[in-house]
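Residue 240 in full-length UniProt numbering sits at position 240 of the sequence shown, with consecutive numbering throughout. Using N, Cα and C, we set each Cβ at its ideal position, and we do this for glycine too. Okay, structure first, notes after.
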Amino acid sequence: YQGLAGRSTNEILQLYAAHGQQMKLQRSSVVTQLHGAIKKKLKQDLKSLHSFALELSKDFQRQSKTCLYRVLAAIQGIQLQNEAMQMFQIKAFDLEQTLQEVTERYEKEKQKRKALHNSLIELRGNIRVHCRIRPLLPFDDAAGHSVSQDRRRNFSEKAAYAADDETVLVKCSRPGHASVNKTFQFERVYNDLESQDAVFADVAPLLTSLLDGYNVCIMAYGQTGSGKTYTMLGPQLEGNLAFSIEEESELGIIPRATQEVFRLISEKPPGSYWVEVSVVEVYNNEIFDLLAKDSYGKMFGVKRDVVTTRDGKSDVPLLTHETVENASEFLHLFNKGLQLRVTHPTLVHAHSSRSHLVVTLTITTVVFGDNFGTLWEDEQTSQRLNKEASCTFPQKMRDNKSTSSSRASSPVQLEATEKMKQVKTRLQLVDLAGSECVGMSGVTGAALRETSFINRSLSALADVLGAIAEQRAHVPYRNSKLTHLLQDSVGGDAKLLVMLCISPGQKYLTESMQSLGFGTRARQVQRGQVKKKNFPMPSKGK
Ligand code: ADP
Ligand code: MG
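Structure below.
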């Protein structure tokens, strides 16, 4: 500033301008330098970025190639797996078909074996034994069993199973012992899920036999509560010994058998068959006629007796035989008879299983014409049947004979009527009393008496079967009213089916084993070929 002193303003202005110029020049050279440096740096960065990007893209290419290879390998693997899967599918299909063929062949063989077995049964006169295992029911859990060692068992556990449709498997476990499996074979075994339909399906062919001229007897055997009444009748009505007719799918063998008999009859020429029913209860070794009526037509149980006729058959004189025209008529009559059981004055038992129930359907076949002349078993039977025809011919048929003048006036018809014959076949359906070996402690008075009568009658039944099995000359039918009443079915010419009923619980092991033993012994009884009643030759056009 000292230099500026004394200088003129112009000079000073010039000096400022020169200084500004110089500063400008200096600044622009710095900017140029800076620009160059930045440019250089940018170039370097760009270069390294470029090389980095290049590296990255190469890496990406490498990786994507690897991935592609892997994907291709995976696809190939899947294709191979698919092919293998298809092969397996084809193999599985082939195996399935083979299995189906084998099953079909097995079923055919089984049917053949069954048919042969049936023929063998027929030839030997074997007793058929079916076994039904009922489901576990809420009351199976209830306590109150008298045998003390049984308390240690697990009551709700199952001990009896259907291993297949011909085998029962029983797990016998005793405290302190390893459990042992025992098997029992029967003609048919029903598991706990099998319906009343399934049971009846196996019974139905016997009814065809009935109309073909065979006597048939079906009896349910088993301890109390094992399902005998359920199987024979159906579920019982609450507090009543009658059963529900409305629940068709639940109906048991007796109502279904009746329906089937009437269905089969409906396919025959009208008027050639009629059905009579008797309902009998065996209680404390006494026989009660449950269809007997007093002089006012009111039904009341009447004591009857069983006798042996001159030709060695058993017969109940004065037993009520009601003619029924259809199944529902039978059911109403039968249910009335059952209700009578409840109010029977001599009965002290509240449970149906304290007595044996025997329902008999007698089917009479009427034949007109002379094409049967020589077919009767013997002259004596023929005479007896003719005599029976005149006494027991139902009112309706007798009325027909007397009132149908057009029929009687025709000489051919008249001759046919004269030559009319009848053949009787019998279907006996039996709901036996409970077979349990009741512990006697605590049972006194009437109950004790009942139990001893039941035990005696069932052991009489076992004795009869034993005597037949051993072909003893004397069969002790008369040891009990039950065996005397059933003599013709058990020892005679009837096709006999025993329906063993089993409670599955551990609790009932002893009783179940007893029933299975009874069934096994019954199966071994050979009674000789079952005889067909001599039916007339069917005339042409029937
Ligand atoms: P039992 O006549 O042998 O003394 P029940 O037929 O009275 O025995 O059966 C006892 C109980 O078990 C009844 O309540 C009956 O309804 C039931 N029951 C029996 N068998 C069966 C079954 N297969 N399915 C369902 N319930 C059954
Ligand atoms: Mg019963």
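Beta-carbon proximity of residue i to residue j, cut-off 7 Å
i: residue 288; j: residue 294; result: no
i: residue 235; j: residue 331; result: no
i: residue 522; j: residue 129; result: yes
i: residue 468; j: residue 492; result: no
i: residue 358; j: residue 280; result: yes
i: residue 125; j: residue 529; result: yes
i: residue 356; j: residue 433; result: yes
i: residue 250; j: residue 196; result: yes
i: residue 262; j: residue 327; result: yes
i: residue 365; j: residue 273; result: yes
i: residue 231; j: residue 513; result: no
i: residue 105; j: residue 190; result: no
i: residue 511; j: residue 223; result: yes
i: residue 525; j: residue 486; result: no
i: residue 520; j: residue 184; result: yes
Reference residue i; option with closest CA among the options
i: residue 477; options: 457, 470, 493, 424; result: 457
i: residue 119; options: 453, 495, 515; result: 495
i: residue 252; options: 274, 267, 228; result: 228
i: residue 193; options: 161, 69, 340; result: 161
i: residue 587; options: 489, 233, 291; result: The structure shown does not extend to residue 587, since the chain spans only 1 to 542, so no value can be given for it.
i: residue 506; options: 158, 74, 498, 520; result: 158
i: residue 271; options: 420, 329, 283, 517; result: 420
i: residue 543; options: 202, 15, 187; result: As shown, the chain starts at 1 and ends at 542. That puts residue 543 outside it, with no answer to give.
i: residue 501; options: 10, 472, 453, 431; result: 431
i: residue 612; options: 321, 201, 309, 283; result: Not covered by the structure: residue 612. The range shown for the chain is 1 to 542.
i: residue 322; options: 314, 334, 315; result: 334
i: residue 329; options: 258, 17, 34; result: 258
Proximal residues to residue i (C-beta, below 7 Å), its chain only, five neighbours per side dropped
i: residue 461; result: 482, 483
i: residue 480; result: 285, 456, 457, 460
i: residue 204; result: 260
i: residue 180; result: 172
i: residue 225; result: 503
Helix, strand or coil at residue i according to DSSP, with G and I counted as helix
i: residue 87; result: helix
i: residue 188; result: strand
i: residue 525; result: coil
i: residue 474; result: coil
i: residue 386; result: Here residue 386 scores only 46 on pLDDT, less than 50, and its place in the model should not be relied on; the value that follows carries that caveat. Looking at residue 386 - three-state DSSP - the assignment turns out to be helix.
i: residue 143; result: Note on residue 143: pLDDT 49, under 50, position unreliable in the model; the coordinate value appears next. Residue 143 falls in the coil class under three-state DSSP.
i: residue 292; result: coil
i: residue 215; result: strand
i: residue 248; result: helix
i: residue 309; result: coil
i: residue 322; result: strand
i: residue 495; result: strand
i: residue 484; result: helix
i: residue 162; result: strand
i: residue 15; result: helix
i: residue 469; result: helix
i: residue 316; result: coil
i: residue 220; result: strand
i: residue 177; result: coil
i: residue 426; result: strand
i: residue 95; result: helix
i: residue 434; result: coil
i: residue 38; result: helix
Nonlocal neighbours in the same chain, by C-beta distance under 8 Å from residue i, ignoring five residues either side
i: residue 317; result: 304, 305, 307
i: residue 136; result: 156, 158, 192, 504, 505
i: residue 247; result: 234, 235
Same chain, Cβ closer than 6 Å to residue i, neighbours up to 5 away in sequence not counted
i: residue 383; result: Note that residue 383 scores 45 on pLDDT, short of 50, meaning its location in the model is unreliable and no value can be drawn from it.
i: residue 427; result: 210, 216, 361
i: residue 319; result: 278, 289, 304
i: residue 463; result: 476
i: residue 123; result: 529
i: residue 152; result: Residue placement at residue 152 is poorly supported in this model, since its pLDDT is 47, which falls under 50; the coordinates are not used for a value here.
i: residue 275; result: 324, 361, 363
i: residue 497; result: 128, 218
Closer than 7 Å to chain C by CB, residue i
i: residue 339; result: Annotation note: the requested chain C is absent from the structure, which comprises a single protein chain.
Heavy atom of ligand 4 within 6 Å of residue i beta-carbon
i: residue 59; result: Of the ligands this structure carries, namely ligand 1 and ligand 2, none is ligand 4.
Ligand 1: which residues have Cβ under 5 Å from any of its heavy atoms, chain order? 134, 224, 225, 226, 227, 228, 229, 230, 235, 353
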